[in-house]
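K.L.:
Residue numbers (my numbering), protein chains in the order written: chain A, 1 to 152; chain B, 153 to 552. Just so you know, even glycine gets a beta-carbon here, dropped at the ideal spot from N, CA and C. Take this structure first; my questions come after.
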């Protein structure tokens, strides 16, 4: 039933669900890496963000918020649930919450929306109501994954 | 054949409406406050109308009037040591002849009946036209208004109540009363909300009419919510003042300016702009706000000049503010401070927090939906509908 989705399948589902998304496969990584660039907005009264999502088969997708860039520090602390590399902490890497049978468009993207929603509320209230998975620190960072660094 | 073009299109959802509804829920009486007020009202009503007691020969008919009847209540609050109380008006309509029985006598009888109850006696405060029972712990008071049917009204709906400026002086019986028509006013208001309320006609026997139920903001007519929001801004603006512009002045002006808008934010903007231009065009004089049930009475005459001027300024500020709020750039950090300027920090924060909690609860319950193209929505069922698809929790995996 559940089979691994190829990058091209992921691309099709994203394009179908988010027709305005820009999707590309960087040549340098010989088609093994997919990037999607799209605007996500929780609702008209919440801000719209430009989000970059990088995916390499078998690795949990990385999500970066490009603009407006997330505030790094507020209420006297570092923004919770932002990983060491400023990617969003959406799932617990130890728990297998995401698998390569999952469509990014149906999981990572709504989870990003949910993250942005709680983030915007946190900016005002200082209380994070979203999932409270500990972000990945530099010390627990997995070996760097070529191709999933935030595009410049 | 049906022509689709003939059917009015539902207005596009206004982004601010959900938030304004949540603000209304944060400023109207809580269910607990409403139930307590309704229970006290019923108990007092039954006490006054009890068979075999002092007033029984006059068959008291008890009914609510004012904001509780109009469903435009605003929650009591304490700000900077100042209390804003919530009041419930209870009318007791008695079968007496106002040409024979002086208002002072009716007033004294109702007072005596209330004093027969030791609890009420301890709470009683004699006011000009009514008998007030104070519940300071609840920031609440209940005004009992002694009344009788106005013989001039063939339908028996209008009432006469003690004229607070006259009844204590030596007067003929009839001149100790003044006209009031709270039920026709409520009916007029209902027509403006486009939902008609049945006139409570004279039943002729002792009775206690129920207080209308509390409605969540999503089920409430927009005009009621508009009135509630303006009243809350008034309460905050006049905090600590000895005199505030009356709710009936606001309610009547808002009703006249309302054009049946379905969207709350749009309706609020149009009403505030309408109220402001009515005030402006009458300036330097005062706007005329005739009582719809008694055109001789002008609600705008009642406030002092200082109070009227401050009210006029508030409406002007609000009419600029609502446009600014509707045009505010998206983002809680941008919208919240604008709304809080006139509706208060606490109610607006509560509204955003209730939205966040609703999304969180939906997410936990599998009812958070993602909309094609972007956006989140709260689903009523945990299945895809209208292009929205349930968002899987990140905390469990379907393949596990």
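State the start and end residues of the unbroken beta strand (DSSP E) segment that holds residue 446 of chain B.
P.N.:
Segment 446 to 450, the beta strand (DSSP E) holding residue 446 of chain B.
K.L.:
Which runs of the beta strand (DSSP E), 3 residues or longer, sit entirely within the stretch 273 to 336 of chain B?
P.N.:
Complete beta strand (DSSP E) runs here, min 3: 276 to 278, 283 to 287, 292 to 301, 311 to 314, 329 to 332.
K.L.:
Go ahead and pull the three-state DSSP assignment for residue 248 of chain B.
P.N.:
DSSP places residue 248 of chain B in coil when its eight states are reduced to three.
K.L.:
Please say whether residue 243 of chain B and residue 196 of chain B have beta carbons closer to each other than 8 Å?
P.N.:
No, the Cβ-Cβ distance between residue 196 of chain B and residue 243 of chain B is not below 8 Å.
K.L.:
Among A:120, A:138, A:22, which has the Cα closest to the Cα of residue 39 of chain A?
P.N.:
Residue 39 of chain A has its Cα closest to that of A:22, out of A:120, A:138, A:22.
K.L.:
Return the residues of the stretch 39 to 51 of chain A that lie within a Cβ-Cβ distance of less than 8 Å from chain B, sorted by chain order.
P.N.:
Going along the stretch 39 to 51 of chain A in chain order, one finds 39, 40, 41, 42, 43, 44, 45, 46, 47, 48 with a Cβ nearer than 8 Å to chain B.
K.L.:
Quick one: what's residue 37 of chain A bridged to in DSSP?
P.N.:
In DSSP, residue 37 of chain A forms a bridge with A:22, A:52.
K.L.:
In angstroms with no decimal places, state the Cα-to-Cα distance between residue 418 of chain B and residue 432 of chain B.
P.N.:
In a straight line, the C-alpha of residue 418 of chain B is about 21 Å away from that of residue 432 of chain B.
K.L.:
Could you check what DSSP says for residue 138 of chain A in three-state terms: helix, strand or coil?
P.N.:
Here residue 138 of chain A sits in coil by DSSP.
K.L.:
Kindly list the residues whose CB is nearer than 8 Å to the CB of residue 357 of chain B, restricted to its own chain and excluding five residues on each side of it in sequence; keep chain order.
P.N.:
These residues qualify, in order along the chain: 211, 213.
K.L.:
Confirm, please, whether the CB-CB distance from residue 488 of chain B to residue 124 of chain A is below 8 Å.
P.N.:
Closer than 8 Å, so yes.
K.L.:
Taking 8 Å as the CB-CB limit, is residue 487 of chain B close to chain A?
P.N.:
Judged by the 8 Å Cβ criterion, residue 487 of chain B is in contact with chain A.
K.L.:
Name the residues in the stretch 117 to 131 of chain A whose C-beta lies less than 9 Å from a C-beta of chain B; which are they?
P.N.:
Those would be 117, 118, 120, 121, 123, 124, 125, 127, 129, 130, 131, in chain order.
K.L.:
If you pair each beta-carbon of the stretch 499 to 517 of chain B with each one of the stretch 172 to 180 of chain B, do three or more pairs fall below 8 Å?
P.N.:
Touching, yes, given that three or more Cβ pairs across the two stretches are closer than 8 Å.
K.L.:
Against chain B, does residue 79 of chain A count as a neighbour if the rule is that its beta carbon must be under 8 Å from one of theirs?
P.N.:
Not an interface residue.
K.L.:
Would you call the stretch 91 to 111 of chain A and the stretch 467 to 481 of chain B in contact, with 3 or more CB pairs under 8 Å?
P.N.:
These segments do not touch.
K.L.:
At least one CB of chain A closer than 8 Å to the CB of residue 277 of chain B: is that the case?
P.N.:
It does not: the Cβ of residue 277 of chain B has no partner Cβ on chain A nearer than 8 Å.
K.L.:
Count the other C-beta atoms from every protein chain shown that fall within 10 angstroms of the C-beta of residue 307 of chain B, then say buried if there are 16 or more, exposed otherwise.
P.N.:
Exposed, because fewer than 16 other Cβ atoms sit within 10 Å of the Cβ of residue 307 of chain B.
K.L.:
Report the start-end ranges of each alpha helix (DSSP H) in the stretch 64 to 140 of chain A that is 4 residues or longer and not cut off at the edges.
P.N.:
Those alpha helix (DSSP H) runs which fall completely within the stretch 64 to 140 of chain A and span 4+ residues are 108 to 125.
K.L.:
Below 7 Å, is the gap between the Cβ of residue 224 of chain B and the nearest heavy atom of the ligand GDP?
P.N.:
Although the ligand GDP was asked about, the structure shown includes no ligands whatsoever.
K.L.:
Given that a residue counts as buried once 16 or more other Cβ atoms are within 10 Å of its Cβ, and exposed if not, what is residue 57 of chain A?
P.N.:
So residue 57 of chain A ends up on the exposed side.
K.L.:
Taking all protein chains shown into account, decide if residue 152 of chain A is buried (16 or more other Cβ within 10 angstroms of its Cβ) or exposed.
P.N.:
Exposed, by the Cβ-count rule.
K.L.:
Tell me the DSSP secondary structure of residue 520 of chain B in three-state form.
P.N.:
Correct three-state label for residue 520 of chain B: strand.
K.L.:
How is residue 45 of chain A classed by DSSP in three states: helix, strand or coil?
P.N.:
Looking at residue 45 of chain A - three-state DSSP - the assignment turns out to be coil, as it is neither helix nor strand.
K.L.:
Got a sec? Which residues, its chain only, sit under 6 Å from residue 403 of chain B by beta carbon, not counting five neighbours each side?
P.N.:
Excluding residues within five positions, the ones whose Cβ falls inside 6 Å are 379.
K.L.:
Kindly indicate which residue of B:206, B:313, B:230 has the alpha-carbon position closest to the one of residue 262 of chain B.
P.N.:
The option with the nearest alpha carbon to residue 262 of chain B is B:206.
K.L.:
Under a CB-based cut-off of 8 Å, is residue 524 of chain B close to chain A?
P.N.:
It does; some Cβ of chain A falls within 8 Å.
K.L.:
Would you verify that the beta carbon of residue 113 of chain A is, or is not, closer than 8 Å to some beta carbon of chain B?
P.N.:
Yes, because at least one Cβ of chain B sits closer than 8 Å to the Cβ of residue 113 of chain A.
K.L.:
List the residues of chain B whose Cβ lies closer than 9 Å to the Cβ of residue 106 of chain A, in chain order.
P.N.:
The answer, in chain order, is 522, 541, 543, 544.
K.L.:
Could you list the residues in the stretch 10 to 41 of chain A with a C-beta less than 9 Å from some C-beta on chain B, going in chain order?
P.N.:
Of all residues in the stretch 10 to 41 of chain A, 16, 17, 18, 19, 20, 38, 39, 40, 41 have a Cβ within less than 9 Å of some Cβ in chain B.
K.L.:
Suppose the cutoff is 7 Å on Cβ atoms and the five residues either side in sequence are ignored; what does the same chain contact list for residue 467 of chain B look like?
P.N.:
Counting only Cβ-Cβ distances below 7 Å, and skipping sequence neighbours, we find 424, 427, 428, 431.
K.L.:
Taking the Cβ atom as the reference point for each residue, do residue 314 of chain B and residue 259 of chain B lie within a distance shorter than 8 Å?
P.N.:
Yes.
K.L.:
Find the nearest neighbour of residue 61 of chain A within the set A:75, A:119, A:105, judged by alpha-carbon distance.
P.N.:
Checked all of A:75, A:119, A:105; the closest Cα to residue 61 of chain A is A:105.
K.L.:
Looking only at C-alpha atoms, which of A:59, A:3, A:127 sits nearest to residue 75 of chain A?
P.N.:
The shortest Cα separation from residue 75 of chain A among A:59, A:3, A:127 belongs to A:127.
K.L.:
Starting from the Cα of residue 458 of chain B, find the closest Cα among B:202, B:447, B:438 and give me that residue.
P.N.:
Minimum Cα distance to residue 458 of chain B is reached at B:438.
K.L.:
If we call anything under 8 Å between Cβ atoms a contact, is residue 486 of chain B one with residue 492 of chain B?
P.N.:
It is not a contact, given that the beta carbons lie outside the stated cut-off.
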